[in-house]
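Worksheet: one structure, shown below.
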Amino acid sequence: MHNTGITILVGTDVSVPQPSLGGLAHGASVHHELQLLIKAGLTENEALCAATSILAQTFGLEDRGQIMVGKKADIFLVKGNPLKNISDTLNIVAVWKDGDRQI
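Residue numbers for the sequence shown follow full-length UniProt numbering, beginning at 1 and rising by one.
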């Protein structure tokens, strides 16, 4: 689908841990979906954009999806480089919501 130009978005629909999905709960399953997108042939950059900027554009959320002045600052810092290894999104070091550090 991606090769034909269809927009791919990351989402989560797991609200209760599912043993068939390795026990992934709502939110945590996003990391698993990113890994599956890489296995399906997307690059790490394409997968991350499907979870951030492209997702925000698709739903008309122009105030988020990118790190830049004037955008909503909901971001997380990871140890590693998810552009080289998508599993590094699991190594969360810090989280900011609305520009305020949470952890």
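Don't be surprised by glycine CBs; every beta carbon is placed ideally from N, CA and C.
First through last residue of the alpha helix (DSSP H) which encompasses residue i
{"i": "V30", "result": "29 to 39"}
Start and end residues, beta strand (DSSP E) containing residue i
{"i": "I54", "result": "That residue, I54, is in no beta strand (DSSP E); its alpha helix (DSSP H) goes 53 to 58."}
{"i": "I75", "result": "75 to 78"}
As assigned by DSSP and simplified to three states, the class of residue i
{"i": "D88", "result": "helix"}
CB of residue i within 8 Å of CB of residue j, strictly
{"i": "E44", "j": "L83", "result": "yes"}
{"i": "S53", "j": "Q66", "result": "yes"}
{"i": "S29", "j": "T12", "result": "yes"}
{"i": "D74", "j": "G80", "result": "no"}
Cβ of residue i within 8 Å of any chain B Cβ
{"i": "L37", "result": "Looking at the structure shown, chain B is missing, and only one protein chain is on hand."}
Quick test of the definition: if touching needs 3 or more C-beta pairs under 8 Å, does the segment 91 to 103 touch the segment 44 to 63? Because the criterion of three Cβ pairs below 8 Å is not met, the segment 91 to 103 and the segment 44 to 63 do not touch.
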